[in-house]
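**Q** Residue numbering for the sequence shown follows my numbering, beginning at 8 and increasing consecutively.
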Amino acid sequence: MSSGMTSREVFTVITFEQWFISIFAIITAVPLAQLMQWGMARNFSTDFYVLPGEMSTTALIAGVIITVFSISGQAQRFCLEEG
8 MSSGMTSREV FTVITFEQWF ISIFAIITAV PLAQLMQWGM ARNFSTDFYV
58 LPGEMSTTAL IAGVIITVFS ISGQAQRFCL EEG
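Next up, the structure:
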């Protein structure tokens, strides 16, 4: 119990906070990851090797899916089981 809240109430608060923060983080991270990939390809490619300048859609979707899976599986369940 935390500050007079039940386990279920703490679970609800933590779930909302994590999803709220994560949605904005994903929206920000996708274009930033593409920009970083392009910048690294432009600056580090040489005559001997070439880094790809574009990130595949599959990689971006996999990142979003892994993020969603980790949010929905870890802290909330731990919090709910502690009560």
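For every residue, glycine included, the Cβ atom is placed at its ideal position computed from N, Cα and C.
1) When the Cα atoms are used, what is the spatial distance from glutamine 41 to valine 20?
2) Taking just the CA atoms, how far does methionine 43 sit from phenylalanine 51?
3) Terminal residues of the continuous alpha helix (DSSP H) containing glutamate 47?
4) Please report the distance separating the alpha-carbon of serine 77 from that of valine 37.
5) Exposed or buried, phenylalanine 92, counting other C-beta atoms within 10 Å across all chains shown (16 or more means buried)?
**A** Reading from the atomic positions:
1) 32 Å
2) 12 Å
3) It is methionine, not glutamate, that sits at residue 47 in the sequence shown. 14–51 is the extent of the alpha helix (DSSP H) around methionine 47.
4) 17 Å
5) The shown model of the chain, from 8 to 90, leaves out residue 92, and the question about it has no answer.
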